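Enquirer: So the sequences go chain by chain: Z and U. Residue numbering for the first sequence is 16 to 154, as defined by the numbering used here. Residue numbering for the second sequence is 21 to 403, as defined by the numbering used here. We put the CB at the ideal spot given by N, CA and C, even for glycine. Predicted, not measured: the structure shown is a model, and the values here were computed from it.
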Amino acid sequence: MSEEFEPNIVGFACNWCSYAGADLAGTSRMKYPPNIRIIRVMCSGRVSPAFILKAFQMGADGVLVTGCHPGDCHYIAGNLKCEKTMGTTRKLIDVLGIGEERLRLEWVSASEGSKFADVVTDFTNRIRGLGPLSGKSQG
Amino acid sequence: MNSEAIVKETRAYHCLECGVCTSSCPVARVNPSFSPRLLVEKALFGFGDEIVRDRDLWSCLVCGRCTSRCPSNVDYLNFIKEMRIEASKLGEKGLFSHDGVMNTIMELQLTNLQQKRTFWIADDLEVADEGECFYFVGCLPYFDLVFGEGGYCDVGLKPTERARNTVRILNKMGIKPVVSNDERCCGHDLLWNGDLEGFRRLAELNLKTIKKSGARKVICLCPEGYVTLKRDYPLYLGEQDLEVVQLYQLLADKLKEGKLNFVENGSNNPVKVTFHDPCSLGRMAEIYEEPREILSAIPGIELVEMERNRADALCCGTSGWVNCSSCSKQIQTERLKEAEATGADILLTACPKCGIHLSCAKYNSDIKIEIKDITDLIVEKMV
Numbered sequence: 016m017s018e019e020f021e022p023n024i025v026g027f028a029c030n031w032c033s034y035a036g037a038d039l040a041g042t043s044r045m046k047y048p049p050n051i052r053i054i055r056v057m058c059s060g061r062v063s064p065a066f067i068l069k070a071f072q073m074g075a076d077g078v079l080v081t082g083c084h085p086g087d088c089h090y091i092a093g094n095l096k097c098e099k100t101m102g103t104t105r106k107l108i109d110v111l112g113i114g115e116e117r118l119r120l121e122w123v124s125a126s127e128g129s130k131f132a133d134v135v136t137d138f139t140n141r142i143r144g145l146g147p148l149s150g151k152s153q154g
Numbered sequence: 021m022n023s024e025a026i027v028k029e030t031r032a033y034h035c036l037e038c039g040v041c042t043s044s045c046p047v048a049r050v051n052p053s054f055s056p057r058l059l060v061e062k063a064l065f066g067f068g069d070e071i072v073r074d075r076d077l078w079s080c081l082v083c084g085r086c087t088s089r090c091p092s093n094v095d096y097l098n099f100i101k102e103m104r105i106e107a108s109k110l111g112e113k114g115l116f117s118h119d120g121v122m123n124t125i126m127e128l129q130l131t132n133l134q135q136k137r138t139f140w141i142a143d144d145l146e147v148a149d150e151g152e153c154f155y156f157v158g159c160l161p162y163f164d165l166v167f168g169e170g171g172y173c174d175v176g177l178k179p180t181e182r183a184r185n186t187v188r189i190l191n192k193m194g195i196k197p198v199v200s201n202d203e204r205c206c207g208h209d210l211l212w213n214g215d216l217e218g219f220r221r222l223a224e225l226n227l228k229t230i231k232k233s234g235a236r237k238v239i240c241l242c243p244e245g246y247v248t249l250k251r252d253y254p255l256y257l258g259e260q261d262l263e264v265v266q267l268y269q270l271l272a273d274k275l276k277e278g279k280l281n282f283v284e285n286g287s288n289n290p291v292k293v294t295f296h297d298p299c300s301l302g303r304m305a306e307i308y309e310e311p312r313e314i315l316s317a318i319p320g321i322e323l324v325e326m327e328r329n330r331a332d333a334l335c336c337g338t339s340g341w342v343n344c345s346s347c348s349k350q351i352q353t354e355r356l357k358e359a360e361a362t363g364a365d366i367l368l369t370a371c372p373k374c375g376i377h378l379s380c381a382k383y384n385s386d387i388k389i390e391i392k393d394i395t396d397l398i399v400e401k402m403v
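1) Where does U:F116 fall in DSSP's three states?
2) Is the Cβ of Z:G77 closer than 8 Å to any Cβ of chain U?
3) Indicate whether U:V170 and Z:T103 have their beta-carbon atoms separated by less than 8 Å.
4) In angstroms, rounded to a whole number, what distance separates the CA positions of U:R89 and U:W78?
5) Kindly list, in the order they appear in chain Z, the residues whose Cβ is closer than 7 Å to that of U:R137.
6) Would a check of beta-carbon distances place U:D119 closer than 8 Å to chain Z?
7) Use the C-beta contact count for Z:R44: other C-beta atoms within 10 angstroms, 16 or more gives buried, fewer gives exposed.
8) DSSP state of Z:G154, grouped into three classes?
9) In whole angstroms, give me the CA-to-CA distance for Z:Y48 and Z:D87.
10) Measure the Cβ-Cβ separation of Z:S129 and Z:C83 and say whether it is below 8 Å.
11) Could you name the residues of chain U that Z:S63 contacts, counting a contact when the two beta carbons are closer than 8 Å?
12) Between U:N288, U:K250, U:A63, U:E146, which lies nearest to U:A305 when the distance is taken from Cα to Cα?
13) Determine the contact status of Z:G60 and Z:G93, defining contact as a CB-CB distance below 8 Å.
14) Skipping 5 residues on each side, what residues in its chain have a beta carbon closer than 6 Å to that of U:C80?
15) Might you give, ordered along the chain, the residues of its own chain that have their beta carbon closer than 7 Å to the beta carbon of U:R182, omitting 5 neighbours on each side?
16) Identify, in the order they occur along the chain, each residue of the same chain with its Cβ nearer than 7 Å to the Cβ of U:L59, setting aside the five sequence neighbours on each side.
17) Report the residue from U:V342, U:E400, U:L133, U:S385 whose alpha carbon sits nearest the alpha carbon of U:R75.
18) Please state the DSSP three-state secondary structure of U:E310.
19) Take every Cβ of the segment 108 to 121 of chain Z, pair it with every Cβ of the segment 132 to 148 of chain U, and state whether three or more of those distances are shorter than 8 Å.
20) Could you spell out the range, first to last residue, of the alpha helix (DSSP H) harbouring U:Q352?
21) How about the segment 143 to 152 of chain U and the segment 185 to 205 of chain U: do they share at least three Cβ pairs that are nearer than 8 Å?
22) Using a Cβ-Cβ cutoff of 8 Å, what residues of the segment 134 to 165 of chain U are near chain Z? List them in chain order.
23) Which residues in the same chain have their Cβ closer than 6 Å to the Cβ of U:I366, if we skip the five residues on either side of it in sequence?
24) Taking only three categories from DSSP, how would you classify U:I100?
25) To the nearest angstrom, how far is the alpha carbon of U:D386 from that of U:L378?
26) Under 8 Å between C-beta atoms, does Z:N140 make it to chain U?
27) Compute the Euclidean distance between the alpha carbons of U:G120 and Z:A65, then round it to the nearest angstrom.
28) Which residue marks the beginning of the alpha helix (DSSP H) containing U:C173, and which one marks its end?
29) Return the CA-CA distance between U:E325 and Z:A70, expressed in angstroms with no decimal places.
30) Could you tell me the distance, in whole angstroms, from the CA atom of U:Y406 to the CA atom of U:L356?
31) Kindly list the residues whose CB is nearer than 7 Å to the CB of U:N289, restricted to its own chain and excluding five residues on each side of it in sequence; keep chain order.
32) What does the Cβ neighbour count give for U:R73, buried or exposed, with the cut at 16 atoms within 10 Å?
33) Tell me the DSSP secondary structure of Z:R52 in three-state form.
34) Name the two residues that bound the continuous beta strand (DSSP E) containing U:T294.
35) In chain order, which continuous runs of the beta strand (DSSP E) of length 3 or greater are located wholly inside the segment 22 to 87 of chain Z?
36) For the beta strand (DSSP E) that contains U:I239, what are its first and last residues?
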């Protein structure tokens with residue numbers, strides 16, 4: 016097949032800021048790659064390492080986690096918890112051989128539709144450059 | 021295997037309905053809806069379908085207390101294992117703790133992703149890529165990232181310190197062990213959670229890695245890993261030309277040969293310690309005396325036994341990262357209180373998982389006793 020590799024990207028977006036930011040990107044008709052599948056969570060703090068690993072196990076080539084800017088969290092500090100969790104998750108996926116560059120954390124507020132579109136475009140291009148996650152086949 | 025075949029295979033038809041299993045069961049003491057005897061009865065009366073759909077099938081800790089005490093020799097452990105294998109064929113599974121992160125880590129090791137699991141190796145350690153002895157590290161690097169300091173479920177532990185200490189001890193004994201990035205999870209938890217296919221594949225991959233390194237001897241610190249490599253690999257994949265030893269067996273031999281020595285104690289006040297027999301080291305592998313021989317050889321250490329020790333030891337309350345509940349916490353707290361009642365300052369464990377589970381229970385309580393691994397103590401005192 017000579018078709019260009021199209022990555023599968025799973026995006027976790029918090030209900031209060033980032034999901035609204037993604038919505039704004041859509042209603043403003045901004046263009047961004049269709050590779051991302053967004054999963055809405057109540058808070059980025061709810062995203063556990065297990066979700067990220069499960070996404071990779073089920074065929075994701077990249078995972079993007081987005082939450083409110085520090086200080087803006089609807090639950091006060093959920094996004095800070097998320098930042099801490101993503102730090103160890105990054106190490107975990109690196110040790111597992113997935114590669115830490117396949118996980119990205121970004122702060123996107125409800126008014127930042129264009130930032131959301133930019134982040135998704137940039138991340139998709141990066142993952143496209145990295146190629147498919149090897150090891151989906153059983154070794 | 022259908023439930024009739026499981027009854028035959030595990031000699032469940034010998035059941036006398038005496039109830040020793042249920043009265044010995046640590047889960048049944050705190051969770052009245054769980055009863056080993058009832059599960060066997062159901063199988064005997066042909067209600068196998070009910071068992072495989074029962075949520076409590078996953079509450080069993082496979083600690084082996086019932087099996088070791090059953091007067092009719094019913095093989096309860098294999099009864100549970102086979103029932104779980106049947107249940108998982110129907111899509112049933114236990115309730116995974118920590119959102120199932122440990123289970124996903126195990127399953128991801130079935131793929132051909134190149135792990136970097138040897139990140140814990142420090143400069144003072146001597147390890148090899150090829151050689152006679154293979155050190156099977158097991159899940160310690162992953163425990164470090166999930167339960168270690170700064171991890172997702174931080175319980176204030178340093179699991180990879182166990183791995184470093186093991187290599188330090190082996191180096192002292194003149195052994196330069198093979199440590200590999202291609203090692204996988206041993207498959208213990210997948211097997212006991214009913215994923216026979218996953219277990220087989222992990223076992224095949226591990227045997228390939230071990231054989232490629234040229235090793236004829238495998239050293240395990242983790243008792244679960246030891247039991248799995250020693251007992252279950254030959255059982256499911258045929259006899260292997262490998263000698264599997266547990267670290268404390270090796271050290272007890274070295275002690276007799278005079279190759280393991282400890283510093284002389286300067287003070288007259290011995291430190292009181294008590295030892296928690298892990299189910300897999302005790303009832304499964306029947307290694308009771310070796311750790312005690314090592315401990316009694318360390319000057320300045322006084323070993324005091326808990327009321328329930330050796331074959332009677334209480335389980336650490338969770339197994340295979342499934343169905344951890346308030347019942348688990350009750351069992352763990354009971355064990356910690358039992359350890360405190362001995363007057364010991366330190367509770368020693370020989371299994372990294374017991375260490376995690378007991379530390380987790382201690383974390384949310386006012387129990388003061390320090391929890392340590394035997395390897396920590398050996399490295400502190402060895403010369």
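Expert: For this structure:
1) Numbered from 1 along the second sequence, position 96 holds the residue referred to as residue 116 of chain U. If DSSP states are grouped into helix, strand and coil, U:F116 belongs with the strands.
2) For the purposes of this step, residue 77 of chain Z is identified with residue 62 of the first sequence, where counting begins at 1. With 8 Å as the cut-off, Z:G77 does not count as an interface residue toward chain U.
3) In the second sequence, residue 170 of chain U corresponds to position 150, counting from 1. In the first sequence, residue 103 of chain Z corresponds to position 88, counting from 1. According to the sequence provided, residue 170 of chain U is Gly. The question's Val does not apply to it. Yes, the Cβ-Cβ distance between U:G170 and Z:T103 is below 8 Å.
4) As a working mapping, residue 89 of chain U is identified with position 69 in the second sequence. As a working mapping, residue 78 of chain U is identified with position 58 in the second sequence. Approximately 21 Å, taken between the alpha carbons.
5) The count along the second sequence starts at 1 and reaches residue 137 of chain U at position 117. Here the neighbours are V110.
6) Mapped onto the second sequence, residue 119 of chain U falls at position 99. For U:D119, the closest Cβ of chain Z is nearer than 8 Å.
7) Along the first sequence, one-based indexing puts residue 44 of chain Z at 29. Label assigned to Z:R44: exposed.
8) Residue 154 of chain Z sits at position 139 when you count from the first residue of the first sequence. Residue confidence for Z:G154 is low, a pLDDT of 39 falling below 50, so the modelled location carries little weight; the figure read from the coordinates is stated next. Coil at Z:G154, not helix or strand.
9) Within the first sequence, the letter at position 33 stands for residue 48 of chain Z. Within the first sequence, the letter at position 72 stands for residue 87 of chain Z. Checking the displayed sequence, the identity of residue 48 of chain Z turns out to be Pro instead of Tyr. One C-alpha to the other measures close to 27 Å.
10) One-based indexing of the first sequence puts residue 129 of chain Z at position 114. One-based indexing of the first sequence puts residue 83 of chain Z at position 68. Cβ distance not < 8 Å, so Z:S129 and Z:C83 don't count as in contact.
11) In the first sequence, counting from the first residue as 1, residue 63 of chain Z sits at position 48. Those are H118, D119, V121, Y172, listed as they occur along chain U.
12) If you number the second sequence from 1, residue 305 of chain U lands on position 285. Checked all of U:N288, U:K250, U:A63, U:E146; the closest Cα to U:A305 is U:K250.
13) Your numbering for residue 60 of chain Z matches position 45 in the first sequence. Your numbering for residue 93 of chain Z matches position 78 in the first sequence. Yes, the Cβ-Cβ distance between Z:G60 and Z:G93 is below 8 Å.
14) Counting from 1 along the second sequence, the entry for residue 80 of chain U is found at position 60. Once the five neighbours on either side are set aside, the close Cβ partners of U:C80 are I100.
15) Position 162 of the second sequence, counted from the first residue, corresponds to residue 182 of chain U. L160, L241, P372, D393, T395, listed in sequence order.
16) For the purposes of this step, residue 59 of chain U is taken as the residue at position 39 of the second sequence. Within the same chain, U:L59 has close Cβ partners I71.
17) Sequence index remark: in the second sequence, residue 75 of chain U carries index 55 (1-based). Cα-wise, what sits closest to U:R75 is U:V342.
18) Counted from its first residue, the second sequence places residue 310 of chain U at position 290. Three-state DSSP puts U:E310 in a helix.
19) By the Cβ criterion, the segment 108 to 121 of chain Z is in contact with the segment 132 to 148 of chain U, since at least three pairs of Cβ atoms, one from each stretch, lie closer than 8 Å.
20) Mapped onto the second sequence, residue 352 of chain U falls at position 332. Where U:Q352 is concerned, the enclosing alpha helix (DSSP H) stretches over 346 to 361.
21) yes
22) Here the close residues are Q134, Q135, K136, R137, F139, P161, Y162, L165.
23) In the second sequence, counting from the first residue as 1, residue 366 of chain U sits at position 346. Within the same chain, U:I366 has close Cβ partners V293, E390, K392.
24) To locate residue 100 of chain U, count along the second sequence from 1; it is residue 80. It is helical.
25) Position 366 of the second sequence, counted from the start, is the residue given in the question as residue 386 of chain U. Position 358 of the second sequence, counted from the start, is the residue given in the question as residue 378 of chain U. In a straight line, the C-alpha of U:D386 is about 13 Å away from that of U:L378.
26) Numbered from 1 along the first sequence, position 125 holds the residue referred to as residue 140 of chain Z. No, because no Cβ of chain U sits closer than 8 Å to the Cβ of Z:N140.
27) Residue mapping note: residue 120 of chain U aligns to position 100 of the second sequence, counting from 1. Residue mapping note: residue 65 of chain Z aligns to position 50 of the first sequence, counting from 1. Taking the straight line from one Cα to the other gives about 6 Å.
28) As a working note, residue 173 of chain U is residue 153 in the second sequence. Unbroken run through U:C173: none, as it is neither H nor E.
29) Residue numbering aside, residue 325 of chain U sits at position 305 when the second sequence is read from its first letter. Residue numbering aside, residue 70 of chain Z sits at position 55 when the first sequence is read from its first letter. Approximately 47 Å between the Cα atoms of the pair.
30) Only positions 21 to 403 of chain U appear in the structure, and residue 406 of chain U is not among them; the question remains open.
31) The residue labelled residue 289 of chain U in the question sits at position 269 within the second sequence. Contacts found: none.
32) Translated into the one-based positions of the second sequence, residue 73 of chain U becomes position 53. U:R73 is exposed by the Cβ-count criterion.
33) Residue 52 of chain Z sits at position 37 when you count from the first residue of the first sequence. Note: Z:R52 maps to strand in three-state DSSP.
34) Position 274 of the second sequence, counted from the start, is the residue given in the question as residue 294 of chain U. Note, U:T294: beta strand (DSSP E), 291 to 296.
35) Counting whole runs of 3 or more residues, the segment 22 to 87 of chain Z contains the beta strand (DSSP E) stretches 24 to 29, 51 to 56, 77 to 82.
36) As a first step, residue 239 of chain U is located in the second sequence; it is residue number 219 there, counting from the start. That run of the beta strand (DSSP E) goes 237 to 240.
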